[in-house]
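Here the structure is laid out as structure tokens; the discussion comes afterwards.
There are 2 protein chains.
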Amino acid sequence: MDQHRQSETHQRRSIGARKNPNTEAAILDAALKLLLAKGGKGLSMDAVAREAKAGKATIYRWWPTRGALLLGVYARIKGAHVHADTGCIETDIAAFFEHVFEFWQKDAGRVFALIIAEAQSDLDVAEALAAYRSERINDWMTVFERAKERGELRDTVDCKLAADTIIATAWHHLLTNRLDVKGSDLARTLAYGVVKS
Amino acid sequence: MDQHRQSETHQRRSIGARKNPNTEAAILDAALKLLLAKGGKGLSMDAVAREAKAGKATIYRWWPTRGALLLGVYARIKGAHVHADTGCIETDIAAFFEHVFEFWQKDAGRVFALIIAEAQSDLDVAEALAAYRSERINDWMTVFERAKERGELRDTVDCKLAADTIIATAWHHLLTNRLDVKGSDLARTLAYGVVKS
DNA sequence: TACCTAACGAGACGAACCGTTCATATACAA
DNA sequence: TTGTATATGAACGGTTCGTCTCGTTAGGTA
Numbered sequence: 001m002d003q004h005r006q007s008e009t010h011q012r013r014s015i016g017a018r019k020n021p022n023t024e025a026a027i028l029d030a031a032l033k034l035l036l037a038k039g040g041k042g043l044s045m046d047a048v049a050r051e052a053k054a055g056k057a058t059i060y061r062w063w064p065t066r067g068a069l070l071l072g073v074y075a076r077i078k079g080a081h082v083h084a085d086t087g088c089i090e091t092d093i094a095a096f097f098e099h100v101f102e103f104w105q106k107d108a109g110r111v112f113a114l115i116i117a118e119a120q121s122d123l124d125v126a127e128a129l130a131a132y133r134s135e136r137i138n139d140w141m142t143v144f145e146r147a148k149e150r151g152e153l154r155d156t157v158d159c160k161l162a163a164d165t166i167i168a169t170a171w172h173h174l175l176t177n178r179l180d181v182k183g184s185d186l187a188r189t190l191a192y193g194v195v196k197s
Numbered sequence: 198m199d200q201h202r203q204s205e206t207h208q209r210r211s212i213g214a215r216k217n218p219n220t221e222a223a224i225l226d227a228a229l230k231l232l233l234a235k236g237g238k239g240l241s242m243d244a245v246a247r248e249a250k251a252g253k254a255t256i257y258r259w260w261p262t263r264g265a266l267l268l269g270v271y272a273r274i275k276g277a278h279v280h281a282d283t284g285c286i287e288t289d290i291a292a293f294f295e296h297v298f299e300f301w302q303k304d305a306g307r308v309f310a311l312i313i314a315e316a317q318s319d320l321d322v323a324e325a326l327a328a329y330r331s332e333r334i335n336d337w338m339t340v341f342e343r344a345k346e347r348g349e350l351r352d353t354v355d356c357k358l359a360a361d362t363i364i365a366t367a368w369h370h371l372l373t374n375r376l377d378v379k380g381s382d383l384a385r386t387l388a389y390g391v392v393k394s
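The listed protein sequences derive, respectively, from chains C and B. Residue 169 in my numbering sits at position 169 of the first sequence; the count goes up by one each step and never skips. Take any residue in the second sequence, note its place counting from 1, add 197, and you have its number in my numbering.
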């Protein structure tokens with residue numbers, strides 16, 4: 001019968017007046033799969049709907065733009081940021097680069113790079129990215145202020161600018177596809193600068 | 198008559214077996230105009246063709262992808278890079294940031310940001326951007342090596358990494374829409390790092 | 001229980017965009 | 001003058017976009 005046909009092809013259906021977590025998972029999985037298989041331009045709403053066997057209205061309901069979908073994918077695969085506290089700011093920075101570059105070398109890097117790209121032409125993504133970036137800056141500011149309190153840093157250091165430079169370096173290596181550098185080299189440059197004492 | 202109709206609506210036509218410079222100018226102007234008026238997503242090949250009153254085949258012949266068109270627009274409005282040589286690396290860096298941020302605050306910044314974005318999903322643009330970036334890195338490496346020779350820098354400084362950090366900082370401020378910072382503040386952080394002597 | 005509301009898959013719809021094809025117009029060479 | 005090569009613009013089929021409708025499912029509420 002007709003009412004059985006769809007149940008035979010695939011089972012996922014409405015589970016009532018609430019979001020179906022299976023549907024959400026299927027859509028985000030499909031988006032990530034397409035993204036990795038066909039690159040950023042392979043991620044179209046139509047293709048995701050086909051791949052996930054979902055209705056387009058369902059996708060647009062939860063992720064109204066392509067950028068929102070990208071943010072959803074990244075949130076799904078992202079773990080919590082943990083900052084090492086080795087008592088030495090240089091090794092803290094080095095550990096951060098090693099950790100984030102390794103994480104980005106799996107699928108997450110391509111997703112995050114596309115989010116930065118999308119932010120250049122989608123104001124909502126830009127705002128979400130700015131908020132996320134602000135959190136990361138604050139994380140690093142506390143690390144720097146801790147280091148300053150224990151007398152490791154020069155008193156004139158602007159902690160916010162220092163934090164910003166670290167994030168800038170990380171993003172830059174992601175965007176230019178150079179995630180294979182040694183974190184310790186980057187850390188040395190950022191910790192000591194260039195000018196002789 | 199039919200063969201006169203098109204000549205009446207607009208005059209630009211083939212000038213034989215060579216590129217029509219008027220057409221090139223009209224297309225690049227149209228692309229820039231759309232880009233500034235409607236943002237990155239307003240720049241479609243169709244819209245450019247309409248705005249420039251040109252055939253799409255003409256556009257695709259000279260700029261086979263959207264990214265190539267972006268590169269063409271940027272090349273058209275970009276001036277030559279000149280590096281100050283004040284004898285002090287910190288003020289050289291500060292002058293660079295002031296100069297490039299001012300340049301980017303006019304239309305060029307939006308164009309270059311979109312090129313970086315496009316490079317995340319277009320391999321050709323990524324290669325062109327890498328080549329361009331490589332030139333800028335080399336510029337800065339010579340500046341740093343000059344400073345090292347006159348004894349201004351620590352001997353252990355990696356000039357390439359230092360150059361990379363400057364470009365990273367500039368890009369980051371562009372991508373996060375913060376071109377209104379003081380170049381001297383950025384220069385101080387990059388020149389002296391954070392760690393006490 | 002009976003009704004209301006909301007999520008879901010499917011796909012139709014017009015608009016816009018993509019990349020290509022084709023016919024024509026022009027310059028240059030033989 | 002005639003032939004060839006290239007630039008140019010209009011048109012075409014296919015894809016994507018974002019919205020909408022439809023029938024179905026199931027939780028929440030009275």
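Backbone N, C-alpha and C define an ideal beta-carbon position, used for all residues, glycine too.
Along chain B, in chain order, which residues have C-beta atoms closer than 8 Å to that of residue i?
i                 : result
Glu152 of chain C : Val392, Lys393
Val157 of chain C : Thr386, Val391
Ile89 of chain C  : Val391, Val392
Considering just the uninterrupted stretch of the alpha helix (DSSP H) at residue i, what are its terminal residues?
i                 : result
Asp88 of chain C  : The identity of residue 88 of chain C in the sequence shown is Cys, whereas the question assumes Asp. Counting along the chain, Cys88 of chain C falls outside any alpha helix (DSSP H), and DSSP gives it neither H nor E.
His173 of chain C : 159-175
Gly269 of chain B : 263-274
Asn138 of chain C : 123-149
Ala47 of chain C  : 45-52
Ser381 of chain B : 380-389
Asn22 of chain C  : 21-38
Ile313 of chain B : 306-316
Ala225 of chain C : A query on residue 225 of chain C cannot be resolved here, the shown segment of chain C reaching from 1 to 197 and no further.
Lys253 of chain B : 253-259
Is it buried or exposed, residue i, if we count other Cβ atoms within 10 angstroms and call 16 or more buried?
i                 : result
Arg210 of chain B : exposed
Asp282 of chain B : exposed
Asp319 of chain B : buried
Arg307 of chain B : buried
Trp46 of chain C  : First, the amino acid is wrong: residue 46 of chain C is Asp here, not Trp. Burial call: exposed.
His81 of chain C  : exposed
Glu8 of chain C   : Unreliable positioning characterises Glu8 of chain C in this predicted model, as indicated by a pLDDT of 35, which lies under 50. The coordinate reading is nonetheless provided below. That one is exposed.
Ala31 of chain C  : buried
Gly237 of chain B : buried
Glu135 of chain C : exposed
Leu371 of chain B : buried
Leu190 of chain C : buried
Tell me, to the nearest whole angstrom, how far the beta carbon of residue i is from that of residue j; I am working on the premise that it is less than 8 Å.
i                 : j                 : result
Glu90 of chain C  : Arg188 of chain C : 7 Å
Ala126 of chain C : Lys78 of chain C  : Actually they are not in contact, since the Cβ atoms of Ala126 of chain C and Lys78 of chain C sit about 19 Å apart, beyond 8 Å.
Val407 of chain B : Leu153 of chain C : No information on residue 407 of chain B is available, as it lies outside the stretch 198 to 394 that chain B covers here.
Ile15 of chain C  : Leu71 of chain C  : Contact doesn't hold; Cβ gap of about 24 Å is too wide.
Determine the chain C residues that contact residue i at a beta-carbon separation under 8 Å, and present them in chain order.
i                 : result
His369 of chain B : Asp164, Ile167, Ala168, Trp171, His172
Quick one: which chain C residues come within Cβ less than 9 Å of residue i?
i                 : result
Leu358 of chain B : Val181, Asp185, Leu186, Arg188, Thr189
In chain B, what lies closer than 9 Å to residue i by C-beta?
i                : result
Thr86 of chain C : Chain B residues near Thr86 of chain C: none, gap ~14 Å exceeds 9 Å.
Practice task
Name, going along the chain, the residues of the region 237-271 of chain B whose beta-carbon falls closer than 8 Å to a beta-carbon of chain C.
Solution key: Answer in chain order: Gly237, Lys238.
Practice task
For the region 330-345 of chain B, enumerate the residues whose C-beta is nearer than 9 Å to any C-beta of chain C, in chain order.
Solution key: Using a CB distance below 9 Å, the part of the region 330-345 of chain B facing chain C consists of Arg330, Phe341, Ala344, Lys345, ordered along the chain.
Handout entry: Contact residues within the region 104-132 of chain C, judged by C-beta distance below 9 Å to chain B
Key = For the region 104-132 of chain C, which is checked against every Cβ of chain B, the residues closer than 9 Å are Arg110, Ala113, Leu114, Ile116, Ala117, Glu118, Ala119, Gln120, Ser121, Asp122, Leu123, Ala126, Leu129, Ala130.
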